[in-house]
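Okay, so here's the structure we're looking at.
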Amino acid sequence: MPLEINTEAIGLGAILRTHRLGVPIHQRSFAWEEEEVRELWEDLERGRRDAGGYFVGPVVLSRADSSDNRLWIVDGQQRLATVSLLLAGLVAVLLEHGDVERSQMLSKEYLHEVDVRTLDTEPTLVLGESDDQYFRRLMEAAINNGDLPEPDPRRQSHILLKGAYEYLKGRLATESRPGDPGWVERLLDIKEFVDTSLEVILVNVDTDQNAYLIFETLNDRGMRLTPGDLLKNHLFGTAGSRLTEVHARWADMMSQLDGSSDAEIIPEFLRHYWIATVGMVRSRALFRTISKEVTTPLAAVELAEGLAGAATTYAGLNSPLDAVWRGHETRTKSALTILQMFRVRTPRSFLLAAAMELTPNAFAGFVEAVKNWSVRMAIAGGLGSGSVEEA
Numbered sequence: 141m142p143l144e145i146n147t148e149a150i151g152l153g154a155i156l157r158t159h160r161l162g163v164p165i166h167q168r169s170f171a172w173e174e175e176e177v178r179e180l181w182e183d184l185e186r187g188r189r190d191a192g193g194y195f196v197g198p199v200v201l202s203r204a205d206s207s208d209n210r211l212w213i214v215d216g217q218q219r220l221a222t223v224s225l226l227l228a229g230l231v232a233v234l235l236e237h238g239d240v241e242r243s244q245m246l247s248k249e250y251l252h253e254v255d256v257r258t259l260d261t262e263p264t265l266v267l268g269e270s271d272d273q274y275f276r277r278l279m280e281a282a283i284n285n286g287d288l289p290e291p292d293p294r295r296q297s298h299i300l301l302k303g304a305y306e307y308l309k310g311r312l313a314t315e316s317r318p319g320d321p322g323w324v325e326r327l328l329d330i331k332e333f334v335d336t337s338l339e340v341i342l343v344n345v346d347t348d349q350n351a352y353l354i355f356e357t358l359n360d361r362g363m364r365l366t367p368g369d370l371l372k373n374h375l376f377g378t379a380g381s382r383l384t385e386v387h388a389r390w391a392d393m394m395s396q397l398d399g400s401s402d403a404e405i406i407p408e409f410l411r412h413y414w415i416a417t418v419g420m421v422r423s424r425a426l427f428r429t430i431s432k433e434v435t436t437p438l439a440a441v442e443l444a445e446g447l448a449g450a451a452t453t454y455a456g457l458n459s460p461l462d463a464v465w466r467g468h469e470t471r472t473k474s475a476l477t478i479l480q481m482f483r484v485r486t487p488r489s490f491l492l493a494a495a496m497e498l499t500p501n502a503f504a505g506f507v508e509a510v511k512n513w514s515v516r517m518a519i520a521g522g523l524g525s526g527s528v529e530e531a
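Using our numbering, you'd call the opening residue of the sequence shown number 141 and step up by one each time.
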């Protein structure tokens, strides 16, 4: 079947006005911090000041296998969620000024709709499973001028959602000071700019698999993501009917690695796992190499299961007191501690392979030998930023 792609230049607000949208379960949570939110606001301000459109990147949508005719957001969740928060802030400011009629009109136009049969109110945008309930409560409070819900302190994405809303509403409030006769026009100008001139290229793709292909192609040409993001989306796009299994195993892997203070541990782990189980691959070739090998749902499941199984051990390499080393010899923990002290990274793929294959006694001897060699090299100045694995 040929690849069906439809593209158009459209405002971010117009996407919310004309589509029912959802975020697939495997997408990452809301992640924009104040810097990114501020940049979007400044883009909006710059575009209004220059009296022209302002391009902020692509949005990729695919048809969702759902009963409510939503489209899946494959790329663009952060921008669409942020613009939804901005429009909710605009509704809230109108309410605070007593302009109930306009606030209700804008809310129905962009943020929710009423099912004509059930009379239930449904949001235009549904976020992923970890964020959606808080997002709904936040939006409901905003458009009804109520108290904002407190975010779960364990959920950084909830904190960021509330922070983004408060920042944007604050900027809108400065455009509508009491006693200023032009405040309504300014707010409506902002709404119009978001609808028509804060532009993206909307890419509508016939299936989610093809959407992931477009997503990977865009990002492979330098548009953003880490190898981990790209690999995740390749696995989910390849998984087909086994997506639930792959998603569960990926979540297992992330739960083991996310607690690390090392922000690079996930892309490092993916590369080291591949070296340990398949063969040598350089960082810049990691995604391309794996995507060529993993081309079927079964292969996606097998890789996800392997990653989930190895993640516990790999996290333990960075934490010598981890429970994974219970039952191992004291010299294993001692050697790992010394490697950590010297910040030795280069033999991790070898250590992972050994930990997966050797008995605890044999692994103790292996890791002790690696420790002795690595410390000598570090002291001699031969184990710096150049990786042994890349030598």
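Where a beta carbon is used, it is the ideal one built from N, C-alpha and C, also for glycine. Since this is a predicted model, take the numbers as computed values, not measurements.
Count the other CB atoms within 10 Å of the CB of N373; is the residue buried (16 or more) or exposed (fewer)? buried
Just curious, the beta strand (DSSP E) that H387 is in, first and last residue? Where H387 is concerned, there is no enclosing beta strand (DSSP E), although the alpha helix (DSSP H) it sits in stretches over 383 to 397.
3 or more residues per run - each beta strand (DSSP E) lying fully within the stretch 227 to 251: none
Using only the alpha-carbon positions, how far apart do E408 and V199 sit? 28 Å
Is F195 buried or exposed, if buried means 16 or more other CB atoms sit within 10 Å of its CB? exposed
Continuous beta strand (DSSP E) assignments of at least 3 residues falling wholly in the stretch 193 to 226: 194 to 203, 211 to 215
Who are N146's beta bridge partners in DSSP? N344
Under 9 Å between C-beta atoms of G268 and R188: no
Can you have a look at P500 and say buried or exposed, based on whether 16 or more other CB atoms are within 10 angstroms of its CB? exposed
Could you give the DSSP three-state label for E262: helix, strand or coil? strand
Buried versus exposed, by CB contacts within 10 Å (16 or more), R219: buried
At the level of alpha carbons, what is the spacing between E332 and I405? 43 Å
Simplified DSSP state of E173, which is helix, strand or coil: coil
E325, buried or exposed, once every other Cβ within 10 Å from all chains shown has been counted against 16: exposed
So is E339 buried or exposed if we call it buried at 16+ other beta carbons inside 10 Å? buried
With DSSP collapsed to three states, give me the class of R160. coil
Helix, strand or coil: which one does DSSP assign to V256? coil
DSSP-derived helix/strand/coil call for E315: coil
Whose CA, out of L479, D287, L184, lies closest to the CA of R516? L479
Taking the C-alpha atoms as reference points, what is the distance between H252 and T261? 7 Å
The alpha helix (DSSP H) that contains L447, what's its start and end? 437 to 457
Below 8 Å on the Cβ atoms is my contact criterion, and I expect F490 with L498 to pass it. Report the Cβ-Cβ distance as a whole number of Å. About 11 Å; that fails the 8 Å criterion.
Using the three-state DSSP reduction, which class does K511 fall into: helix, strand or coil? helix
Separation of A493 from L476, as counted between CA atoms: 15 Å
Ignore the nearest five residues each way along the sequence and tell me which others in V177's own chain have a CB closer than 7 Å to its CB. T222, A304, Y307, L308
Which stretch, first to last residue, makes up the alpha helix (DSSP H) that contains Q480? 470 to 481
Exposure of K432, with buried meaning 16 or more beta-carbon neighbours within 10 Å: exposed
Less than 7 Å between C-beta atoms, sequence neighbours within five positions excluded: which residues of the same chain meet that for T97? Because the chain is modelled from 141 through 531, residue 97 falls outside the range shown and cannot be assessed.
Spatial neighbours of V233 in its chain, beta-carbon cut-off 7 Å, leaving aside the 5 residues before and after: K309, L312, A313, S316, L327
Minimum C-alpha distance to L201 - residue among D272, L342, R294, I430: L342
Do L265 and L180 have their beta-carbon atoms positioned less than 9 Å apart in this structure? no
Under 9 Å between the Cβ atoms of N344 and L230? no
Going by Cα to Cα distance, which pick from T429, A228, S459 is closest to L371? T429
Distance between beta carbons of L278 and D289, contact taken as under 8 Å: Sequence check: residue 289 is Pro here, not Asp. Rounded, the Cβ-Cβ distance is 6 Å, consistent with contact.
Out of G319, H387, N146, L225, which has the shortest C-alpha to C-alpha gap to P164? H387
So, helix, strand or coil for E269, using DSSP? coil
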